[in-house]
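Accompanying notes for the structure given below.
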Amino acid sequence: MTAASLDLNRGPLAHLSQGTRSVVYRLLAMALIAAAMSFASEAFLTSNNLLNVLRQASLLFLLASGLTLVILTAGLDLSVGANVALSACLAATVIKGTGSVALGVAAGLGAGSLVGLANGLLVTLLRIPPFIATYGMLWILHGVTYWFMKGETIHGFPPAFRAVGSGYWLGVPIPVYVMLLFLAAGIVFAQRTTWGQEIYAIGANPEAARLSGVPVRRRLVLVYVASGAMAGLASLIFLARLNSAEGDIGETLTLPAIAAVLIGGTSLFGGVGSMLGTLVGAVILTLVLNFMNLLTINANWQPLVTGVIVVLAVFLDNLTRKGDSR
Amino acid sequence: MHDAVTAAPAPNFLERLQRAGSAGGAAIVLLVLFAVFALAGRNFLTPGNLVNIAMQSTILLLLALPMTLIILTEGLDLSMGAVLTLCNVVLALVAVKTGALAPALAAALAVGLAFGLLNGTLVAALRIPPFVATLGTLGVAQGLALVVTDGQSVVGIPDAVQQMNSGLWFGLLPPPIAIAALAYLAMHLLLYQTRFGAYVFALGGNREALTLAGIHARGNLIAVYVLGGLMAGLAALLLTARINAGHPTAAIGMEFDAIAAVAVGGTSFERGKGWLLGTVLGVLAVGVLRNGLNLMSVPSSVQVSAIGVLVIVALLIDAFRGDRR
Amino acid sequence: MKTLQTMTLTLAALAALAAAGVARADNERLAVFTKNQTNPYFQAVRLGTEAASRQMKATVTHYVPTKPDSIPEQMSQIEDVIVKKPDAIVFIPVDYKAMAPGVQKINTAKIPVVNVTDRSEVGAFVSFVGASDYDLGKETARALFKAMGGKGNVIGIEGVKGSLTNIDRQRGMRDALKDFPNIKLLASQPGNYQRLQALQVMENLMQSYPQIDGVFAANDAMASGAIEAMEAANRKALVVGINGTKEAIDAINAGKMLATGDYNGFLQGCLGTMAALRSLRGQPVPKEIVLPAAVIDKANAARHAVPVEQRSCPRWEDAVKG
Amino acid sequence: MITDHSTQAGPLFELRGISKSFPGVRALDDVSFEIHPGEVHMLLGENGAGKSTLMKVLCGAYTADAGEFAHRGEPVHIDGPADARRYGIAVIFQEFTLVPYLNIAQNIFLGREFKSGFPGWVDAAGMHREARRILDQLGLALDTRTMVADLGVAHQQMVEIAKALSQQAKILVLDEPTAALSDRETERLFAMIAKLKADGVAMVYISHRMAEVFELGDRITVLRDGRKIATRMPGETAPAELVSLMVGRKVDMSYARSERPPAGPRVLDVRNVHTNSGLVDVSLNVRAGEIVGLAGLVGSGRTEVARAIFGADRVTSGTVEVFGKVQRGDPAKARALGVALIPEGRKTQGLALIRSVADNLLLAGLHKHFGKRWFSPRHGLAIARSLIERLRVVTPGPLQRVGLLSGGNQQKVVIGKWLNAESKLFLFDEPTRGIDVGAKAEIFALLDQLVRGGAAVLMISSELPEIIAVCDRTYVMREGRVAGELARAQMTEQSILTLGMHDA
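Chains as they are written, first to last, in numbering that gives the first Met the number 0: chain A, 0 to 325; chain B, 0 to 324; chain C, 0 to 321; chain D, 0 to 503.
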């Protein structure tokens with residue numbers, strides 16, 4: 000039994016499923032945080048700033064969405080940040096070399112997916128624990144990126160490509176559309192496909208899934224490829240936004256992406272979580288950092304605040320998941 | 000079954016090694032690396048260089064030892080690198096202020112203890128998954144290290160601290176190696192000769208058995224994390240002596256190195272299966288690889304990838320050997 | 000057993016591959032320490048050392064921490080290098096204070112060492128080669144303030160807190176500010192020398208400050224990040240950075256950036272290497288070589304446009320006066 | 000409430016009016032219970048009747064909401080395992096309480112390590128000596144330094160028993176101790192129980208096996224729905240009465256089987272199969288419309304046969320042919336061919352306990368109902384509802400977490416999963432283990448219905464009466480081989496045992 004538990008099985012939300020309820024709580028929390036912030040800073044509650052927050056959250060979400068699938072299967076992908084770096088550098092090289100954005104996009108997505116495939120094979124065929132397999136992969140990717148880039152920067156891309164990162168359509172930044180698109184795709188994939196159902200089942204009990212005829216290895220490879228592909232996609236948005244690629248791009252993104260997934264209510268033990276939750280997680284994380292910037296609070300406090308939010312989110316989750324031993 | 004009741008043969012030493020944590024991966028990797036570097040590099044097998052490797056491995060070992068125990072309980076401590084960093088900064092600040100070793104070390108150990116207690120409480124009492132809890136405290140420790148130093152290094156460390164990195168203890172060993180060896184010895188005895196050690200295996204292997212045996216599982220679990228915090232405090236002494244400074248990012252990310260070393264050493268993330276000596280081999284494997292590649296003037300980018308390959312290959316060897324059971 | 004052999008072979012092959020990369024030379028062997036593999040500045044330094052050693056017929060080996068800017072790792076690399084006993088060392092400490100024990104080890108091993116870029120607080124060096132961050136900060140800021148016509152609002156984007164370069168660059172900028180009473184520093188936030196962080200900091204600060212006329216970024220990557228942020232928001236301001244990277248020079252030529260302080264890693268690499276070799280060969284070397292603070296702007300950008308890979312080191316006598 | 004028939008000295012331990020509730024469930028309701036020295040008190044009840052909860056209250060793992068305890072007539076408190084131990088209460092749990100990577104001696108004395116001179120230090124030599132003594136008593140020749148992870152299930156159960164014995168318990172609670180034991184080991188355990196009885200140890204023995212109840216029991220208490228229904232002496236009752244007390248209605252024990260049409264074509268043909276899991280040259284077949292038994296001792300390779308057919312274990316030589324097609328793939332391929340496996344471990348292998356009843360019911364049949372890709376939650380719920388109705392699964396609704404259902408209902412969900420997949424060949428591995436009598440009857444009725452519909456069933460069971468009552472013919476396994484095949488007319492407990500025993 001949990002140390003303390005609130006009885007949230009009664010009340011207005013009682014008819015909702017556990018998963019839906021946990022997302023509703025998160026949305027409420029997000030609204031509360033936003034409301035509190037708007038008192039402290041006038042600049043905060045402007046449409047410009049909110050769009051700004053969404054744009055910043057979009058990168059985090061794209062990375063975190065692939066990770067969500069991986070974590071739903073009780074796996075982990077520590078290599079996403081390194082994957083972004085390598086994919087971005089490859090895509091940048093191809094764009095500069097061939098002048099073709101399409102080829103560059105293909106290179107970025109392809110490289111990301113291939114890395115994901117390698118992770119998936121390490122985890123399934125060779126049965127290395129995901130934590131270690133993807134950590135080893137992180138080093139390998141960094142090494143390859145460093146070797147490939149030799150400390151240089153590649154910059155200056157065609158305006159059409161850059162618009163993907165920094166442009167607007169109907170007053171809303173384009174990355175926000177990309178984020179919403181992949182949110183929808185993620186929700187459909189997780190909730191409305193048989194593969195999604197099987198992925199949840201694998202996370203909840205891999206042996207039972209296997210003995211129910213679910214091709215567990217193939218599905219696992221799929222989620223790692225998805226995570227890699229999303230890293231590849233994120234790398235492209237990154238590239239378009241920064242208008243340059245260098246070896247340390249993305250290095251600092253992995254832990255925040257994992258944090259976003261966890262704040263979003265996806266359980267590290269697998270089988271529980273949602274895409275929408277991850278989006279809310281990414282937005283909450285971005286909101287707080289944005290707020291600290293607006294108030295010009297010393298950036299030294301950022302890691303501390305992030306850490307506290309992660310623990311708090313999961314702790315509150317424990318309180319609301321009554322009687323759940325997990 | 001009839002013959003089911005007959006004696007299973009007593010395990011011989013080798014079998015016991017293997018069982019204790021597949022054991023093979025780290026040992027094989029270490030041997031191969033040793034052989035290759037000994038043949039390829041002129042300076043590798045010199046006493047001076049071997050001492051070098053040992054010295055370079057001490058700090059990581061001090062983290063990896065308690066990490067082994069934590070992983071044996073099916074836990075994880077991602078905050079260890081950040082806590083070490085914070086302890087490093089605090090130790091440096093106090094040492095500069097007081098000019099003495101004892102209060103500085105005491106302060107570092109106190110910080111380590113506090114974070115160990117915090118981690119343990121979050122994990123054991125509030126039931127937050129270890130990965131999440133310690134990811135959170137990672138941020139807290141890192142943030143505090145930045146805040147108390149405002150991002151600056153702390154220098155002017157008194158000699159009393161720096162002496163921990165020079166001279167010989169017992170006329171034989173440099174102090175860091177002596178401390179690491181003693182730490183290993185203490186941890187080994189703790190794990191294999193005391194009740195607490197048995198409870199560590201039980202925490203990971205079958206926590207309910209422990210509760211049903213009337214043992215306070217939570218208390219023991221907290222103790223494991225406290226041990227991690229204290230060892231980070233002790234490691235801070237070596238780190239401070241080594242770099243003669245406190246630095247707010249000195250050991251950021253070292254927890255992942257420690258976890259990798261534990262895994263390379265053959266400890267599993269599940270069911271309390273593991274082997275403390277394997278961790279030493281894992282730490283040394285990483286140390287030997289880095290040192291050997293440096294001696295061979297291998298480009299840095301290749302070194303980076305080589306570390307990843309090492310981790311994966313060691314685990315692969317274990318995975319394949321595990322198949323034979 | 001088969002798989003085991005395969006893996007053993009893999010390991011051996013890896014090591015052998017590595018062995019093939021070993022450079023052999025009969026001339027002086029230099030070990031070069033830089034901070035990381037990702038920042039173009041250090042690549043320029045490395046290229047500078049290579050160019051100089053080619054010209055002077057020596058060989059260099061690079062040592063870069065596998066984790067960017069890792070103090071313990073650079074310490075270990077120093078220890079490993081001492082085992083190899085190179086003829087001399089060209090050294091950029093990852094931290095100018097915390098690498099003191101490493102420098103002492105080099106000194107104890109009696110390997111001549113030239114300090115480059117970040118001036119180490121402790122240790123005996125053949126020479127120090129570097130630029131004055133203070134002067135660069137001051138001159139670059141001055142160029143910005145002048146271009147703004149001596150009035151308006153400025154945003155500062157700082158580098159890594161506590162790093163020597165950042166401290167001095169900020170000090171220089173603030174001293175320059177004193178001469179321009181009508182310029183207001185709205186905010187100064189750290190971007191940790193990183194493009195993305197600078198971009199996001201800029202995006203956020205633009206929300207708070209509707210009127211921004213100038214941006215002083217402590218390096219070029221952050222300046223580029225700030226420019227990207229403003230372009231996306233359809234805003235404009237004069238932006239300066241420091242380091243003189245190719246990217247910045249391109250941006251200056253394209254009219255996106257006002258100026259960059261020339262940190263000239265290539266030249267620092269050249270001179271550091273030359274100083275080490277000269278001292279080995281018994282030629283005189285000054286204790287300190289500080290490059291004059293030069294600001295690259297549209298007027299003189301053409302001179303700097305040669306890619307680093309194609310540059311060659313100047314003659315010692317031309318570069319080092321007195 | 001209890002009339003004391005047997006003992007002169009009065010009860011050793013009493014529970015009076017114990018109640019215990021969990022969210023949504025009243026697990027124990029005013030239960031009183033007493034234990035006398037030197038008697039074996041059998042505890043019977045369907046799953047979910049409250050037996051396990053009662054045991055956990057007794058050993059201090061749960062704290063009762065209401066009620067009191069008395070030790071030799073003195074009121075006492077039990078507030079944790081340590082208290083229970085003080086009164087000499089020891090429990091042999093059904094689910095193992097062993098730590099895999101500790102050795103046998105360490106496991107036996109977990110939490111009661113022998114102290115040595117140095118604080119915290121254990122006297123390992125002393126522990127091994129004492130462990131040796133206990134193992135010898137049980138006739139176990141295992142090395143006390145062996146890691147428990149390296150032991151088979153039966154040996155682990157024996158270590159569990161050794162652990163309880165080592166506590167010199169005055170009150171020993173045994174929760175289905177023979178479930179994983181071979182006959183020989185069961186015999187040894189019974190001998191041990193007799194000896195303990197002679198020494199005056201009181202025992203509470205939970206069992207689902209009627210034979211044991213009458214062989215060992217001095218007194219029999221039946222629980223139902225968390226309440227005590229009755230206490231009987233073995234001489235005064237019969238199995239039929241006990242069963243009706245357990246289920247609250249009369250149930251026919253014979254699982255009467257309807258006459259079925261003659262079996263159809265062969266749908267499963269296993270030829271000369273060898274596996275790494277220990278099967279040697281196994282050949283057998285099953286035809287459409289028949290139920291074939293697979294009997295044999297625990298560890299004889301029955302489960303391995305099912306797993307090999309289902310593709311869960313690799314077949315190293317020989318062939319498995321299903322519906323005329325060679326199956327050499329994984330469970331996914333077996334499923335595609337119409338094979339279903341209802342595994343032995345319901346909770347570990349059969350169900351995703353944290354997911355809903357509906358999610359579990361749908362898992363194996365997703366491809367049948369939703370094509371290759373798209374899934375519709377609404378359609379899924381409708382399917383789940385109809386399965387729940389068809390199988391009479393007792394659940395508040397399809398969205399209930401399956402882990403919260405009783406054992407019998409969980410088993411129905413596992414079966415429902417495969418009905419939904421429209422399987423044609425069902426491999427049942429101990430389908431009635433740990434399931435109450437009422438649910439057993441329902442499951443057998445379902446089997447009958449399946450084969451009448453043209454499906455084929457291979458059923459593994461340790462309960463010989465079940466095999467005899469339900470199956471059309473049976474194979475008997477011994478040491479990884481098929482020892483023989485028995486036609487319906489030849490099947491008796493005697494004939495099956497003879498084939499399955501080693502010394503036959």
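For each residue, glycine too, the CB sits at the ideal point set by N, CA and C. Bear in mind the structure is a predicted one, so any value in this text is a computation, not a measurement.
CB contact check: residue i to chain B, cutoff 7 Å
i                  : result
Tyr-100 of chain D : yes
Arg-126 of chain A : yes
Asp-249 of chain C : no
Phe-290 of chain A : no
Residue(s) in a DSSP beta bridge with residue i
i                  : result
Ser-316 of chain D : D:His-273
Leu-390 of chain D : Answer is none; Leu-390 of chain D lacks a bridge partner.
Phe-68 of chain D  : D:Leu-14 and D:Val-75
Met-201 of chain C : Looking at the DSSP assignment, Met-201 of chain C forms no beta bridge with any residue, so it has no partner.
Tyr-204 of chain D : D:Met-41 and D:Leu-173
Tyr-167 of chain A : A:Pro-172
Residue i versus the options, residue with shortest Cα-Cα distance
i                  : options                            : result
Leu-238 of chain B : C:Val-305, C:Pro-100 and C:Pro-306 : C:Pro-100
Arg-289 of chain B : C:Tyr-62, C:Asp-178 and C:Ala-43   : C:Tyr-62
Ala-259 of chain A : A:Gln-55, A:Ala-132 and A:Thr-277  : A:Thr-277
Asn-205 of chain B : D:Leu-109, D:Lys-423 and D:Pro-342 : D:Leu-109
Nearest-angstrom beta carbon gap, residue j and residue i [assumed within contact, 8 Å]
i                  : j                  : result
Ile-306 of chain B : Gly-80 of chain B  : Ile-306 of chain B to Gly-80 of chain B, Cβ: 16 Å. No contact.
Thr-193 of chain A : Phe-369 of chain D : 5 Å
Val-356 of chain D : Pro-397 of chain D : 5 Å
Val-310 of chain B : Ile-131 of chain A : 6 Å
Unbroken beta strand (DSSP E) run spanning residue i, endpoints
i                  : result
Ser-181 of chain D : Run containing Ser-181 of chain D: none; DSSP gives neither H nor E here.
Asn-114 of chain C : 112-115
Ser-126 of chain C : 126-130
Ser-282 of chain D : 281-286
Met-458 of chain D : 455-459
Any chain C beta carbon closer than 7 Å to residue i
i                  : result
Gly-150 of chain B : yes
Thr-295 of chain A : yes
Gly-246 of chain A : yes
Cutoff 7 Å: residue i Cβ touching any chain D Cβ
i                  : result
Leu-233 of chain B : no
Thr-193 of chain B : yes
Endpoints, the alpha helix (DSSP H) within which residue i is located
i                  : result
Met-157 of chain D : 152-164
Arg-53 of chain C  : 39-54
Neighbour flag for residue i against chain A, beta carbons, 7 Å
i                  : result
Asn-203 of chain C : yes
Gln-410 of chain D : no
Val-285 of chain B : no
Val-21 of chain C  : Low confidence applies to Val-21 of chain C: its pLDDT is 42, below 50, so where it sits in the model is not reliable, and the reading given next is rough at best. Val-21 of chain C does not count as touching chain A.
Glu-308 of chain C : no
Val-327 of chain B : Any answer about residue 327 of chain B is impossible in this case: the structure gives chain B only from 0 up to 324.
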